[in-house]
Amino acid sequence: MPLNRTISLQFAIIFVIANIIGSGVYKKVAPMMAEVNSPILVLLCFLAAGIITLFGALCVAELGAMMPEAGGEYKYHTRIYNRFFAFTYGWASYTVIKTGTIASLAYVFAQSLHQIINSPALLPSLSDVNLFGVFYPFQSLNVKLTAISLILLLTLFNTRGIKIGVRLSATILTLVLIGIAVIVVSGAFSPQTDAGRVINDSTAPFIFSPFLTAMLSAFFAYEGWNSIAFVGGEVKNPQRNIPASLAIGVFAVMAVYLMVDATYLSILSTDELKGIFQSQNKIAAVEAMRKISGDGGALSISILIVITTFGCLHSSIVSNSRIYYAMAKDGLFFRKAARLNAKDSPSASLWMQGVWSSLLVMS
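Start counting the sequence shown at 0; every next residue gets the next number (numbering that gives the first Met the number 0).
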């Protein structure tokens, strides 16, 4: 039985934006500044990376319109290359790439949450227990158990169907965009902000190599733009809505990134941003809000980062599970993963993804 086409253009755009906006919007400006030493060049990095991402999005838009099926890139590999390359891509996604991303997002969420609530360590006496001197399953056990609980809860939630999942994405994205708007508006009216700093501090010469290195951080911030392709089998009027959602979504994220990064660069000097990067445990957005609003502002951004990571994790769980569903239908994955439940959700695929992602958290 095929998946139902229930995702409208509006929700497709939301899905694209929700998958892109993650922790990168709050932290990547600092390592980029450490490379290029110029606010203008940082903004140009985000602009250039956004344009290149848009080129990629337009390619996927063409493929998505031609093959509007669940599985996205897995289906493209099957059609363009052959089943062997599709098999390799799909199993790499399941064993490491996609499930590893889910595990990482869940861990970042849990780590950020525990930093806010300052919870005590769980079973610290077992933290040195290891497997082969590489895996320490009991290290930061409280963080890992929180991450696993979140993965399993979101997996359970998404077995109720794509419609309710996309609505949750819309709710979280609304909160995130409100939070980002607060950063921009607070920066615009703060006496600590110096808009001229963006121009005045841009005295470093353009050097191609560090510019490209800085762009890697910008590309990280745009990661997730291709997510709508994985749920292509559930998008209404896919020939129109997949290309439109990708183009509108990427353009919207570019605008958001340029506005909020211009705000950070107006609040924090080049030396302050480089110091944040060198400290390894500070985040540019948190320090910017601390400078203009004190510890209360810093705490609010820390909470916003947790919410953003939660939303990105949720969207990843939804989209990535469709790869294994499509593989199972083609006989390249466990057959059970091709089953839909009463809510037309690939629940078996979701649970297989959730369990493996949880094991990766423990590693």
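Just so it is clear, CB atoms sit at the ideal spot from N, CA and C, and this is done for glycine as well.
Here S22 is buried: its Cβ has 16 or more other Cβ atoms, across all protein chains shown, within 10 Å. If you look at M66, you'll find it isn't in any alpha helix (DSSP H); DSSP assigns it neither H nor E. M66 and I322 have their C-alpha atoms some 14 Å from each other. Counting the other CB atoms within 10 Å of its CB gives S362 a total below 16, which places it among the exposed residues. Within the same chain, and ignoring the five residues on either side of S320 in sequence, the residues whose Cβ sits closer than 7 Å to its Cβ are P345, S348, L349 and Q352. Contact check for A11 and S268: beta-carbon distance about 40 Å, past the 8 Å limit, so the pair fails to qualify. Look at the stretch 17-58 and you find these whole runs of alpha helix (DSSP H), each 4 residues long or longer: 23-26 and 28-35.
Going by DSSP, I282 is part of no alpha helix (DSSP H) at all; its letter is neither H nor E.
L43 and A194 have their alpha carbons spaced roughly 17 Å apart. By the CB criterion at 8 Å, F219 and K97 fall outside the cutoff. Annotation: F83 to K342 spans about 32 Å, alpha carbon to alpha carbon.
Around L112, the same chain offers T145 and V305 as residues with beta carbons nearer than 7 Å, after the five sequence neighbours per side are excluded.
The beta carbon of Y73 sits closer than 7 Å to the beta carbons of A85, Y88, G89, I322, A325 and M326 from its chain, once the five residues preceding and following it are set aside; these are given in chain order. At a Cβ-Cβ threshold of 8 Å, D260 and V41 count as neighbours. By the beta-carbon neighbour count (other beta carbons within 10 angstroms, threshold 16), Y80 is exposed.
Straight across, the Cα-Cα distance linking I6 with Q114 is about 36 Å.
Distance from the CA of S356 to the CA of G55, rounded to the nearest whole angstrom, comes to 27 Å. For I206, the three-state secondary structure derived from DSSP is coil.
Apart from the 5 residues on each side of it in sequence, G248 sits with its Cβ closer than 6 Å to the Cβ of I12, V15 and I16 in its chain, given in chain order.
For the pair G232 and I241, the CB atoms are not nearer than the 8 Å cut-off. If the five residues before and after L303 are omitted, its C-beta is found closer than 6 Å to the C-beta atoms of G178, all from its own chain and listed in chain order. With respect to T308, L104 sits close: the two C-beta atoms are nearer than 8 Å. Just measuring C-alpha positions, the residue of V24, F250 and F188 sitting nearest S216 is V24. D200: not part of any alpha helix (DSSP H); DSSP gives it neither H nor E. By a beta-carbon distance limit of 8 Å, I182 does not contact A251. Their separation comes to about 17 Å.
Residues of the same chain with a CB within less than 8 Å of the CB of L149, apart from the 5 flanking positions on each side, are A105, F108, A109, F309 and L312 in chain order.
Nearest to L46 by C-alpha distance, out of F332, I266 and L211, is L211. Judged by DSSP secondary structure, D260 falls within the alpha helix (DSSP H) whose first and last residues are P237 to I266. Less than 8 Å divides the Cβ of T192 from the Cβ of I266.
Remark: C-beta atoms of G70 and F229 approach each other more closely than 8 Å.
The shortest C-alpha to C-alpha distance from A60 to any of R239, Q279 and V360 is the one to R239. Residue environment analysis places K335 among the exposed positions, since fewer than 16 neighbouring C-beta atoms fall within 10 angstroms of its C-beta. With respect to the 8 Å criterion, Y263 and A297 are not classified as neighbours on the basis of their beta carbons. Within the model, the alpha-carbon separation for V354 versus T154 is close to 9 Å.
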